[in-house]
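Only one structure is covered here, and it is reproduced in the block below.
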Ligand code: FCB
């Protein structure tokens with residue numbers, strides 16, 4: 097049996113827009129994801145998060161499911177426009193009350209809440225004033241963080257400022273496949289700097305509002321391997337690692353932007369004001385690590401920005417068409433420990449989408465169980481080699497609204513029938529319960 101360290105956290109993760117529904121309930125105003133999903137052509141089958149898993153009304157049942165799976169931690173995000181409908185200014189008491197009740201239910205079940213402040217649903221009201229392209233949005237985020245710290249900080253100590261800034265800038269501002277749907281690389285890199293300022297402001301606000309706060313940021317990690325041994329492909333891998341990983345990790349962890357990427361960006365590089373690099377890098381307590389797959393790249397001058405193109409790996413693939421390559425997890429955990437002296441690491445997301453079916457009221461999903469087993473084994477190997485990994489949050493608790501893919505991709509430990517909102521714990525959920533219960537596999 098591979099045992100995990102004592103006190104290891106066995107959790108699941110979700111995000112507000114993907115599960116809550118209740119998109120206009122009790123004073124909530126739209127986020128950029130409400131706007132984006134309601135715009136024809138953006139989401140498969142025209143689906144929206146209007147109802148999603150109706151978690152806003154069913155959170156008690158969902159906490160009971162967490163308990164049944166034996167989770168001792170749960171990562172969720174707060175919908176900013178639910179608690180601050182105009183993005184700043186007057187809070188919405190009903191919205192705050194929802195998170196109060198959720199946290200109470202978690203604590204009553206001895207499930208440690210990890211709160212993500214930004215999992216992509218910016219208030220539309222702020223978007224209308226320039227969104228992440230406006231430097232002021234970072235200050236508004238600091239005020240929002242303070243509000244949440246004051247509201248939940250007596251019970252919530254674990255805070256994640258941002259989820260995957262890379263996804264916001266690339267999917268939201270370069271490819272336009274996520275809200276707010278822009279295709280503007282110049283703006284994208286400015287946005288990434290404003291996100292870093294927002295992170296810094298939130299860390300300071302949380303430390304001031306929450307005694308004993310444990311604050312981190314969640315980055316996606318995409319380990320990059322060269323397609324061949326040639327110098328050109330190895331340089332391409334280093335460059336792509338710069339765009340996908342170092343550009344995001346270095347500001348928050350080292351207070352700098354990677355010089356090679358700044359040079360390559362040239363006129364696309366963001367405007368950085370004096371003092372900003374200190375502002376974006378207050379000390380943090382942990383590194384939140386989301387990871388699903390790896391990238392294999394070759395040198396390709398045709399792609400102007402990065403100069404690389406991806407080559408499909410040889411391994412089997414999930415429904416997202418992501419290659420299954422468990423070693424990527426141990427490789428990236430060791431790398432973050434080595435290069436960034438990360439104090440503590442949590443895997444804040446890892447999991448897989450497969451096309452599940454319900455038969456006789458059961459969901460048998462051996463591929464997901466296998467994905468979890470092999471990735472947890474890789475995580476365990478990283479711990480043995482000295483990585484200070486303290487917890488694993490599976491993506492996701494429930495099948496949910498998978499952004500531009502709508503409800504077509506199922507990642508849950510728990511199956512959701514969207515027509516009836518009936519939940520069924522999948523075989524992989526039972527497997528995860530066993531691992532959590534034994535603290536090992
Ligand atoms: C991550 C997101 C999460 C989910 C998974 C599959 O990038 O943080 O919301 O969509 O991918």
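Residue numbers (the numbering used here): 97 to 537.
Beta carbons: idealized from backbone N, C-alpha and C, even for Gly.
Runs of beta strand (DSSP E) wholly within the segment 360 to 425 (minimum 3 residues, chain order): Listed in chain order, the complete beta strand (DSSP E) runs (minimum 3 residues) inside the segment 360 to 425 are 382 to 386, 391 to 395 and 404 to 406.
Those residues which DSSP pairs with residue 312 across a bridge: Translated into positions along the chain shown, residue 312 becomes position 216. Beta-bridge pairing links residue 312 to 256 and 382.
Uninterrupted beta strand (DSSP E) stretches inside the segment 239 to 284 (no shorter than 3 residues): Fully enclosed beta strand (DSSP E) runs of 3 or longer: 254 to 259.
Three-state secondary structure assigned by DSSP to residue 173: Along the chain shown, read from residue 1 onward, the residue named residue 173 stands at position 77. The answer is strand: DSSP assigns residue 173 an E or B state.
Simplified DSSP state of residue 436, which is helix, strand or coil: Along the chain shown, read from residue 1 onward, the residue named residue 436 stands at position 340. Three-state DSSP puts residue 436 in a helix.
7 Å Cβ cutoff met for residue 118 and residue 159: Taking the first residue of the chain shown as 1, we reach residue 118 at position 22. Taking the first residue of the chain shown as 1, we reach residue 159 at position 63. Taking 7 Å as the Cβ cut-off, residue 118 and residue 159 do not qualify as a contacting pair.
Nonlocal neighbours in the same chain, by C-beta distance under 8 Å from residue 451, ignoring five residues either side: Translated into positions along the chain shown, residue 451 becomes position 355. So the list reads 415 and 506, once near-sequence residues are dropped.
Residue from 297, 188 and 209 with nearest C-alpha to residue 248: Residue 248 sits at position 152 when you count from the first residue of the chain shown. Checked all of 297, 188 and 209; the closest Cα to residue 248 is 209.
Other residues of its chain near residue 259: CB distance less than 6 Å, five sequence neighbours each side excluded: Within the chain shown, numbered from 1, the residue matching residue 259 stands at position 163. Taken in chain order, the residues that qualify are 212, 215 and 314.
Closest Cα partner of residue 234 within the set 139, 184 and 277: What you label residue 234 is simply residue 138 of the chain shown in a count that begins at 1. It is 184.
heavy atom of ligand 1 below 6 Å from residue 491 C-beta: Taking the first residue of the chain shown as position 1, residue 491 is located at position 395. For residue 491, the distance from the CB to the nearest heavy atom of ligand 1 is below 6 Å.
Pick from 397, 305, 287 and 392 that is closest to residue 343, judged by C-alpha positions: Numbered from its first residue, the chain shown carries residue 343 at position 247. Comparing Cα-Cα distances from residue 343 to each of 397, 305, 287 and 392, the minimum goes to 287.
The segment 357 to 371 contacting the segment 304 to 311, beta-carbon criterion three pairs below 8 Å: Contact between the segment 357 to 371 and the segment 304 to 311 is absent, with fewer than three C-beta pairs closer than 8 Å.
Residues of its chain near residue 508, where Cβ-Cβ distance is below 6 Å and the 5 sequence neighbours each way are ignored: Here residue 508 is taken as the residue at index 412 of the chain shown, counted from 1. Taken in chain order, the residues that qualify are 492, 494 and 495.
Beta-carbon proximity list for residue 172, same chain, < 6 Å, skipping 5 on both sides: Taking the first residue of the chain shown as position 1, residue 172 is located at position 76. Cβ neighbours of residue 172 beyond the five flanking positions: 110.
Residue from 354, 182 and 345 whose Cα sits closest to the Cα of residue 295: One-based indexing of the chain shown puts residue 295 at position 199. Comparing alpha-carbon positions, the option among 354, 182 and 345 lying closest to residue 295 turns out to be 345.
Opening and closing residue of the alpha helix (DSSP H) in which residue 529 lies: Along the chain shown, one-based indexing puts residue 529 at 433. Boundaries of the alpha helix (DSSP H) harbouring residue 529: 523 to 534, taken from the DSSP string.
Whole runs of the alpha helix (DSSP H) within the segment 149 to 217, excluding any shorter than 4 residues: Fully enclosed alpha helix (DSSP H) runs of 4 or longer: 151 to 165, 176 to 179 and 189 to 204.
Distance, residue 167 Cα to residue 462 Cα: Counting from 1 along the chain shown, the entry for residue 462 is found at position 366. Counting from 1 along the chain shown, the entry for residue 167 is found at position 71. Roughly 21 Å between the two C-alpha positions.
Separation of residue 256 from residue 303, as counted between CA atoms: Along the chain shown, one-based indexing puts residue 303 at 207. Along the chain shown, one-based indexing puts residue 256 at 160. Each residue's CA atom was taken as its position, placing residue 303 and residue 256 some 12 Å apart.
Selection from 103, 275 and 150 that minimises the alpha carbon distance to residue 137: Reading the chain shown from its first residue, position 41 is the one you call residue 137. For the residues 103, 275 and 150, the minimum Cα distance to residue 137 belongs to 275.
Buried versus exposed call for residue 483 [16 or more other C-beta atoms within 10 Å across all chains shown]: Within the chain shown, the letter at position 387 stands for residue 483. Here residue 483 is buried: its Cβ has 16 or more other Cβ atoms, across all protein chains shown, within 10 Å.
Same chain only: Cβ atoms within 6 Å of residue 520, ignoring 5 sequence neighbours per side: Along the chain shown, one-based indexing puts residue 520 at 424. Around residue 520: 459 and 511.
Candidates 457, 529 and 439: closest to residue 513 by CA position: Walking along the chain shown from the start, residue 513 turns up at place 417. Minimum Cα distance to residue 513 is reached at 457.
Whether residue 424 touches residue 477 by CB criterion (7 Å): Numbered from 1 along the chain shown, position 328 holds the residue referred to as residue 424. Numbered from 1 along the chain shown, position 381 holds the residue referred to as residue 477. Not in contact: residue 424 and residue 477 (Cβ atoms no closer than 7 Å).
Environment of residue 379 [buried if 16+ CB atoms lie within 10 Å]: Stepping through the chain shown from its first residue, residue 379 is reached at position 283. Label assigned to residue 379: exposed.
Beta-carbon proximity list for residue 245, same chain, < 8 Å, skipping 5 on both sides: As a working note, residue 245 is residue 149 in the chain shown. Cβ neighbours of residue 245 beyond the five flanking positions: 255, 301, 302, 304, 305, 306 and 309.
Under 7 Å between C-beta atoms of residue 320 and residue 347: Looking up residue 320 in the chain shown gives position 224. Looking up residue 347 in the chain shown gives position 251. Contact check for residue 320 against residue 347 fails: the beta carbons are separated by 7 Å or more.
Endpoints, alpha helix (DSSP H) assigned at residue 513: Residue 513 sits at position 417 when you count from the first residue of the chain shown. No alpha helix (DSSP H) holds residue 513; the beta strand (DSSP E) holding it covers 510 to 513.
Per-residue burial, residue 190 [other beta carbons within 10 Å of its own, 16 or more giving buried]: Here residue 190 refers to the residue found at position 94 when the chain shown is read from its first residue. Looking at its Cβ environment, which holds fewer than 16 other Cβ atoms inside 10 Å, residue 190 is exposed.
Residue 125 - containing alpha helix (DSSP H), residue span: Sequence index remark: in the chain shown, residue 125 carries index 29 (1-based). It is not in any alpha helix (DSSP H) - residue 125 carries neither H nor E in the DSSP assignment.
Straight-line Cα distance separating residue 271 from residue 127: Translated into positions along the chain shown, residue 127 becomes position 31. Translated into positions along the chain shown, residue 271 becomes position 175. Approximately 19 Å, taken between the alpha carbons.
Heavy atom of ligand 1 within 6 Å of residue 484 beta-carbon: Position 388 of the chain shown, counted from the start, is the residue given in the question as residue 484. Not a single heavy atom of ligand 1 lies less than 6 Å from the C-beta of residue 484.
Selected residue, minimal CA-CA separation from residue 486, among 454, 382 and 351: The residue given as residue 486 occupies position 390 in the chain shown. That would be 382, whose Cα lies nearest to the Cα of residue 486.
Continuous beta strand (DSSP E) assignments of at least 3 residues falling wholly in the segment 328 to 355: You should have found no qualifying run.
Assigned exposure category for residue 299 - 16 Cβ within 10 Å defines buried: Mapped onto the chain shown, residue 299 falls at position 203. Residue 299 sits buried, since 16 or more C-beta atoms from the chains shown fall within 10 Å of its C-beta.
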